[in-house]
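Chains as they are written, first to last, in our numbering: chain E, 1 to 638; chain H, 1001 to 1289.
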């Protein structure tokens, strides 16, 4: 209990302090020190509570309720101020609707359903706490070096607002802890809204027109989701008489007809936050922000809050047909279509963004299926995705500062001097999609659960989406594959804090892959027994261990074997007399010099955004609307 | 326990598959030659070729392609070991994809324009056949009740009786997997490629020898997948499986010699359409009929 309080309040205090620290050195010490404290506290919490199926923590306080209300008002004030300043009508309207809605709720309805056990801890919240505490704070450390470079790349007269940036990052962590430990849905909602407004501020950090536009797109979509959450609160308080999430789950299982609309509204909130189609554009837009923001949003916070909520709702999806169908179809379609669109992207961050959305789609679909097997897969996907994606974002961010480009096509010659970074990037990519790494094992479990629950559509979406996944990762990996052979590491200008975080992320990814069987036993299975009372038939343990061994083998090769070659080097074949084989220049038939160039395949004619995006948005939007109508009109239909 | 089986299987596969694959490759060349009205090389010609490659000087463009190819070989051996020790079909399919990935990386690593083009096309090939492989595995799982290949020997009747559409779909993508015309767009065994030698342009000596050996092992593994459809309790089924696999292999050689190479668009679209129709309908049939 005290540790949970500490995890929520400590980052908050750090954020408050950081707001007033403008010098580099003190900031580095505070951020570094508190990152370690948060990570250690999260680990201690995990060790103390390992194997906990579900433990409610009696805690109720009107004081906290009022603080929550004050925060809601403050959030609304911030959004309203920005939307007036930048003249954005929709954000203004939604913010006003939301603040009125939550005030009416707080003073009119919240007393109908007091919650005695405001906090809780279970194995899923332990997993989330570890992700937030280790990966999230690791990204904060990375931001130290990155933001210093970033500020140097800015124009001379740009104001230094890094103190705000770091304060928001820590506030974000605190809000995430609120979400994962609150059983009181109103508190959870408060955390939910803080993350929304924090990402708004982080995305708009540079205050360029593009940044502001994308920040507003984010806030509009997520405020809509927040209103969905609010609707669910009203339904829970009025129709179901509870605001405790645990009781909501129990009562929902008894009376799915009443719960259906609340589940639908909550799932809607989850879908917006998890950036599922048609709301995926906010996450793509978030790329304009400095890279640590992207890393934080994509891997350990924000979108993970969305899928966290969906996974929590999984048992109810088993009994509520329409919300379940909505989540399954939107998730599955998002997985396939965003994997397709990732093929056509040359911008590395955009590829990462599409891949994040696609993976969130898969997690969403698993949550929607709702069986123990599917939830097992969903939680593992969350873990592996967090580790691998943060590593990749940090690599791309560092690369961008040193080769001056985010374009994958540029990641060959310019990148030649950074073989170590290239290897980290290769590790991250491999973790994302290929056997024997954990992500693929989780995908496998997903496939099995789809087959067992007879989800034909999902099987097909998964089959074609995975094939596309192979394409876009493999060609990126190919671009990097030649660099790893260069023996000299000359990336001298990379800030040490960036290396520390990169190594940390790489270690987490590796440990997660190798220790998969152990992690499954101690972290994921207790949650499943707690929620479902049983375990799913998971993948045979032998296969997990084979994967572990093969993963170790790949790692040894990647970090030990590739640079050991003592063979004679020769130039490439260019179908002509080579002038300079390093630059691929050869003598052509007119005795002039030609440079041979090649580009990867981007298949724009087939998988271009222009072909897929609009259709996908329309279909997914239609699915969501139909699910709401159906849950409202025929709640009894099962 | 199955873990030990897999390790034994892997070692056995690593020894036996190259021999069988080499003989098949030799036969392939003789049969192809006869189809074209030639006499063809001796049966052991592929072996002589590889032996000669092994004796060549070690030269390389990138310095790492040899390491990547070793990885590709090791993963091929594991995929074969898992499959032939009666292990998990899906695992075998995933691991062989890993081998393809390392092959692709070896090609990319030279940064030669020809090899890069070949590598890009190789990824397209993988993307083309991957959905059907996955759906085939799902169909097998639904028909046999398990992904374990060994469980096929517990069945009353072979899975082919209910998943023949998936089998036909698999035969279609087998052409891509065995790098046969009309789908040999990344690298061809025939000399008339517009890409010089595609993926293997910059490989020579031992590295190229590894590519050949990997190809032999792959052939054995994929023919094993083909035979798997025909296994059931009866020990005779094993003979039937071998006969069918060889017939499928002969069919692929016939296709190879009678069809002109297509563009990648045609390959991708046809392979995905086949996967959607054959795989999709088969799964729907198994689930709801």
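Here a beta-carbon is modelled for each residue, glycine too, at the ideal position from N, C-alpha and C.
Inter-residue Cα distance where the pair is residue i and residue j
i                       : j                       : result
residue 634 of chain E  : residue 230 of chain E  : 22 Å
residue 335 of chain E  : residue 353 of chain E  : 12 Å
residue 292 of chain E  : residue 271 of chain E  : 23 Å
residue 1154 of chain H : residue 1049 of chain H : 42 Å
residue 108 of chain E  : residue 61 of chain E   : 17 Å
residue 638 of chain E  : residue 402 of chain E  : Any reading at residue 638 of chain E must be qualified, since the residue scores a pLDDT of 47, below 50, and its modelled position is unreliable; no value is offered.
residue 612 of chain E  : residue 1129 of chain H : 22 Å
residue 43 of chain E   : residue 75 of chain E   : 31 Å
residue 475 of chain E  : residue 1156 of chain H : 44 Å
residue 560 of chain E  : residue 581 of chain E  : 27 Å
residue 363 of chain E  : residue 586 of chain E  : 50 Å
residue 1240 of chain H : residue 1276 of chain H : 28 Å
residue 1168 of chain H : residue 442 of chain E  : 29 Å
residue 419 of chain E  : residue 139 of chain E  : 22 Å
residue 1061 of chain H : residue 1201 of chain H : 11 Å
residue 152 of chain E  : residue 31 of chain E   : 20 Å
residue 245 of chain E  : residue 185 of chain E  : 6 Å
residue 1051 of chain H : residue 1205 of chain H : 10 Å
residue 394 of chain E  : residue 33 of chain E   : 20 Å
residue 1087 of chain H : residue 1242 of chain H : 19 Å
residue 1283 of chain H : residue 456 of chain E  : 7 Å
residue 105 of chain E  : residue 1123 of chain H : 55 Å
Strand pairing of residue i, partner residues [DSSP]
i                       : result
residue 593 of chain E  : E/587
residue 568 of chain E  : H/1059
residue 573 of chain E  : In the DSSP output, where bridge partners are listed per residue, residue 573 of chain E has none listed.
residue 59 of chain E   : E/117
residue 54 of chain E   : E/122
residue 184 of chain E  : E/244
residue 407 of chain E  : E/347
residue 1148 of chain H : H/1088
residue 580 of chain E  : E/585
Amino acids of chain E, ordered along the chain, whose beta-carbon sits closer than 7 Å to that of residue i
i                       : result
residue 1078 of chain H : 550
residue 1131 of chain H : 463, 464, 467
residue 1283 of chain H : 456, 459
residue 1090 of chain H : 444
8 Å Cβ cut-off: residues of chain H touching residue i
i                      : result
residue 276 of chain E : Here the premise fails: no neighbours, minimum Cβ distance about 22 Å.
Proximal chain E residues relative to residue i, where beta-carbon distance stays under 8 Å
i                       : result
residue 1014 of chain H : Going along chain E, no residue has its Cβ under 8 Å from residue 1014 of chain H, so there is no contact; the nearest lies around 14 Å.
residue 1127 of chain H : 467, 468, 470, 471
residue 1060 of chain H : 565, 567, 568, 569, 570
Proximal residues of chain H, C-beta to C-beta of residue i below 7 Å
i                      : result
residue 598 of chain E : 1113, 1116, 1117
residue 542 of chain E : 1002, 1003
residue 407 of chain E : Residues of chain H passing the Cβ test: none, with the nearest at roughly 16 Å.
residue 557 of chain E : 1067, 1071
residue 601 of chain E : 1120, 1124
residue 103 of chain E : Going along chain H, no residue has its Cβ under 7 Å from residue 103 of chain E, so there is no contact; the nearest lies around 50 Å.
Under 9 Å from the C-beta of residue i: neighbouring residues of chain H
i                      : result
residue 412 of chain E : 1111
residue 514 of chain E : By Cβ distance, chain H contributes nothing, its closest Cβ being about 16 Å from residue 514 of chain E, past 9 Å.
Contact set between residue i and chain E, taken where Cβ atoms lie within less than 9 Å
i                       : result
residue 1151 of chain H : Chain E residues near residue 1151 of chain H: none, gap ~12 Å exceeds 9 Å.
Using a beta-carbon distance cut-off of less than 7 Å, what residues from the segment 86-101 of chain E approach chain H? none
Segments of 3+ residues assigned as beta strand (DSSP E) that fall wholly inside the segment 219-276 of chain E: none
Can you check the segment 278-353 of chain E for any alpha helix (DSSP H) of at least 4 residues that lies completely inside it and give the ranges in chain order? 281-285, 291-295, 303-312, 314-319, 321-343
Could you please tell me which residues of the segment 452-480 of chain E, in chain order, have their CB closer than 8 Å to any CB of chain H? 454, 456, 459, 460, 462, 463, 464, 466, 467, 468, 470, 471, 474, 475, 477, 478, 479
Please list the segments of the alpha helix (DSSP H) lying wholly inside the segment 93-144 of chain E, counting only runs of 4 or more residues, in order along the chain. 123-130
Anything in the segment 1262-1279 of chain H with a Cβ closer than 9 Å to a Cβ of chain E? List those residues in chain order, please. 1264, 1265, 1268, 1269, 1272, 1275, 1276, 1279
Taking any Cβ of chain H, which residues in the segment 566-588 of chain E have a Cβ under 9 Å from it, in chain order? 566, 567, 568, 569, 570, 571, 572, 573, 574, 575, 581, 584
Members of the segment 370-382 of chain E that neighbour chain H once the beta carbon cut-off is set at 8 Å: none
Curious, which full-length alpha helix (DSSP H) runs of at least 4 residues does the segment 421-475 of chain E contain? 438-452
Return the residues of the segment 1046-1058 of chain H that lie within a Cβ-Cβ distance of less than 8 Å from chain E, sorted by chain order. 1057, 1058
What residues in the segment 607-626 of chain E have a beta carbon less than 7 Å from any beta carbon of chain H? none
Which runs of the alpha helix (DSSP H), 4 residues or longer, sit entirely within the segment 1161-1196 of chain H? 1164-1177
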